[in-house]
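See structure below.
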Amino acid sequence: MSVLIKGGRVITAADDYVGDVFVDGERISLIGESLDVDADRVIDASGKYVLPGCVDPHTHLDMPFGGTITADDFESGHAAAAFGGTTCHVDFCIQAPGTSFGEALEQWHAKREGKAIIDNGFHIAVTDLHDGGSLEELASLPEQGITSYKLFMAYKGALMVDDETLFRTMQVASETGALVMVHAEHGDSIAVLVEQALREGKTEPKYHALTRPPETEGEATNRAVQLARIADCNLYVVHVSCKDAIDPIARAREAGWKTWGETCTQYFFIDYTHLERPDFEGAKYVYTPPPRPKEHQEHLWAAVRSDILSVVSTDHCAFTWKEQKRMGIDDFSKIPNGGPGLENRLHMIHEFGVRAGRIDLNRMVELLCTNPAKLFGLYPRKGTIAVGSDADIVVFDPEKRLTITAENQHSRSDYNLFEGVEVTGSPEIVLRRGEVIVDGEELLGKPGSGQFVKRARFGEELTAQAART
Ligand code: URP
Ligand code: ZN
Ligand code: ZN
């Protein structure tokens, strides 16, 4: 199958020009002006943007968490992603305490089998180096294309690790060239604050934020940055939500330390007051770190503009409000933490980043496509439009108007964090490795057609050849 995308405005992290893109099989084979080639399908992209497929490095599909399982599996999550222009993501494979990393990976590979529509890789979430996974096994994972280790510095009694586990993992990463990712919050103080709040009868959703103040995120971010320096490993701080966490990352990057950070779409738009909404509606916004007071949002925009933060991900961790979130109706600490977002990252960042004049189109592509691909060992196979890259392409209509609403979304969650928001600009046609998986309102990508991607080690490039062997 060959596809010729004609006359679109091709936008990468570096370029912006009108041209034709010819896709032969799974890869881009020619880019030029007025290409004279035969193709099985010709897409007229005049007036449209031709963007690289977006890469989301932070998602939780089919994940047991908070006493339930996330609402989206690899099929519904991938449908949502595809309509949002995301053609590749890296999901968290969680090591259950007492089990090996190999067992965890086997489970997660089975979850995507027969369901995947877009391509994906896995991070390994390390929870136990005593009775389950060993340091030796951890060191062997990059050979299987698992080139990032995730550690939770919060969720005490569940996923949280101690500093020894964090530091030993960092030392392994320094040896193997893996990237260490941290969920940075001070888990011990949060556990105390939660217990005290509940004892005082403070049970509503807003206490989720009031028991996890920004300082807990600032402290843990700084701790991770300093430990990574001692271990001499590459560090990536996930879901940065506030100035308190931006500051230590800014210092580290200014000093040239090997630190990177991401924020997520929701932190630009949802603030603390959403948690105060009556009739348990605040529960929709219970995710971690929590929505912050509004003043943090301009700090986040400034940080993504100046490359203190290099990626915008979604942290898609969807639950239903009517059923799953109700588990915490009498106790905010029992509300499953997480929200949906995979489908609307590009919509929201295009509308409120690019159209609002906060970032330009190149920076948008860098934040949503190129930087995640580079940091997570997917580039240049993913994350750009270039000869030889996978033909993961979004034909984006910058004039299409859309009202974001749960009613027309593809996630199985029953609400949308951005309900009622009107945007101008939406993906029209989405290709994944040369196959049209979304055409207008129609999902054409078949469950089972998405591939697992073996990622390269940090700083190394991923060739199409390496990813398949
Ligand atoms: O609330 C969230 N973010 N849920 C997913 C797990 C995590 O901490 O990323
Ligand atoms: Zn987290
Ligand atoms: Zn997450």
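Residue 1625 in my numbering sits at position 343 of the sequence shown, with consecutive numbering throughout. We put the beta carbon where it would ideally sit given N, CA and C, even for glycine. Keep in mind it's a predicted model, so treat the numbers as computed, not measured.
Assigned secondary structure, residue i (DSSP; H/G/I helix, E/B strand, else coil)
i: Trp1583; result: helix
i: Leu1492; result: helix
i: Thr1706; result: strand
i: Ile1243; result: Since the displayed the chain opens at 1283 and closes at 1751, residue 1243 lies outside it and no answer follows.
i: Glu1717; result: strand
i: Thr1541; result: strand
i: Arg1309; result: strand
i: Arg1533; result: helix
i: Glu1315; result: coil
i: Phe1678; result: strand
i: Lys1438; result: coil
i: Ile1552; result: coil
i: Lys1576; result: coil
i: Ile1711; result: strand
i: Leu1744; result: strand
i: Thr1547; result: helix
i: Ser1731; result: coil
i: Gly1564; result: helix
i: Glu1723; result: coil
i: Thr1751; result: Residue confidence for Thr1751 is low, a pLDDT of 48 falling below 50, so the modelled location carries little weight; the figure read from the coordinates is stated next. DSSP places Thr1751 in coil when its eight states are reduced to three.
i: Leu1557; result: helix
i: Pro1424; result: helix
i: Ile1686; result: coil
i: Thr1570; result: coil
For residue j and residue i, believed in contact at Cβ under 8 Å, the rounded distance
i: Glu1315; j: Asp1298; result: Going by Cβ atoms, the distance from Glu1315 to Asp1298 rounds to 15 Å, so no, they are not a contact pair.
i: Val1735; j: Leu1649; result: Actually they do not touch by this definition, with Cβ atoms about 20 Å apart.
i: Ser1615; j: Val1474; result: With a Cβ gap of about 12 Å, Ser1615 and Val1474 do not count as contacting.
i: Gly1459; j: Pro1424; result: 6 Å
i: Leu1557; j: Lys1488; result: 4 Å
i: Gly1732; j: Ala1398; result: 3 Å
i: Thr1547; j: Asn1626; result: 7 Å
i: Val1462; j: Ala1455; result: 5 Å
i: Val1332; j: Cys1370; result: Between Cys1370 and Val1332 the Cβ distance is about 17 Å, and since that is not below 8 Å, they are no contact.
i: Thr1503; j: Pro1530; result: 5 Å
i: Gly1427; j: Ser1382; result: With 8 Å as the limit, Gly1427 and Ser1382 do not qualify as a contact, their Cβ atoms being about 17 Å apart.
i: Thr1429; j: Arg1739; result: 5 Å
i: Thr1350; j: Met1609; result: 7 Å
i: His1342; j: Gly1702; result: 25 Å between Cβ atoms; not a contact.
Test item: CB-CB of residue i and residue j under 8 Å
i: Asp1674; j: Arg1714; result: yes
i: Asp1354; j: Ala1600; result: yes
i: Ala1491; j: Gln1691; result: no
i: Gly1716; j: Val1285; result: yes
i: Leu1480; j: Asp1613; result: yes
i: Thr1294; j: Val1647; result: yes
i: Asp1526; j: Glu1544; result: no
i: Pro1662; j: Glu1536; result: no
i: Leu1628; j: His1598; result: no
i: Ile1313; j: Lys1288; result: no
i: Arg1645; j: Trp1583; result: no
i: Leu1517; j: Leu1448; result: no
i: Asp1589; j: Pro1575; result: no
i: Glu1704; j: Arg1683; result: yes
i: Ala1506; j: Met1442; result: no
i: Val1712; j: Gly1335; result: yes
i: Gln1377; j: Asp1410; result: yes
i: Gly1564; j: Glu1446; result: no
i: His1468; j: Cys1524; result: no
i: Val1519; j: His1340; result: no
i: Gly1727; j: Glu1710; result: no
i: Ile1310; j: Ala1364; result: no
i: Val1586; j: Pro1654; result: no
Nearest residue (CA-CA) to residue i, options the options
i: Gly1367; options: Val1462, Asp1679 and Arg1694; result: Asp1679
i: Pro1379; options: Pro1339, Lys1393 and Ala1440; result: Ala1440
i: Ile1719; options: Glu1357, Lys1330 and Ile1293; result: Glu1357
i: Trp1390; options: Val1712, Ile1293 and His1405; result: His1405
i: Thr1555; options: Lys1566, Thr1547 and Ile1472; result: Lys1566
i: Arg1511; options: Ile1528, Glu1681, Arg1533 and Ser1311; result: Arg1533
i: Glu1418; options: Gly1730, Ala1738, Gln1453 and Glu1388; result: Gln1453
i: Ala1407; options: Glu1395, Lys1393, Ala1386 and Gly1427; result: Ala1386
i: Gly1329; options: Gly1707, Glu1724, Ala1738 and Gly1727; result: Gly1707
i: Asn1698; options: Ala1327, Thr1596 and Asn1653; result: Thr1596
i: Gly1730; options: Tyr1437, Arg1694, Asp1306 and His1360; result: His1360
i: Lys1656; options: Asp1306, Val1372 and Arg1291; result: Val1372
- Task: Enumerate, from N- to C-terminal direction, the unbroken alpha helix (DSSP H) stretches of 4 or more residues contained entirely within the stretch 1446–1526.
- Result: Within the stretch 1446–1526, complete alpha helix (DSSP H) segments of at least 4 residues are found at 1469–1481, 1488–1492 and 1496–1513, given in chain order.
- In the stretch 1345–1422, which residue ranges form an unbroken beta strand (DSSP E) of at least 3 residues, counting only runs that do not cross its ends? Within the stretch 1345–1422, the runs of beta strand (DSSP E) that reach at least 3 residues and sit entirely inside it are, in chain order, 1368–1376 and 1401–1407.
- Message: What ranges does the beta strand (DSSP E) occupy inside the stretch 1587–1671, keeping only unbroken runs of at least 3 residues that lie completely in it?
- Response: As far as the stretch 1587–1671 is concerned, its whole beta strand (DSSP E) runs of at least 3 residues are 1593–1595.
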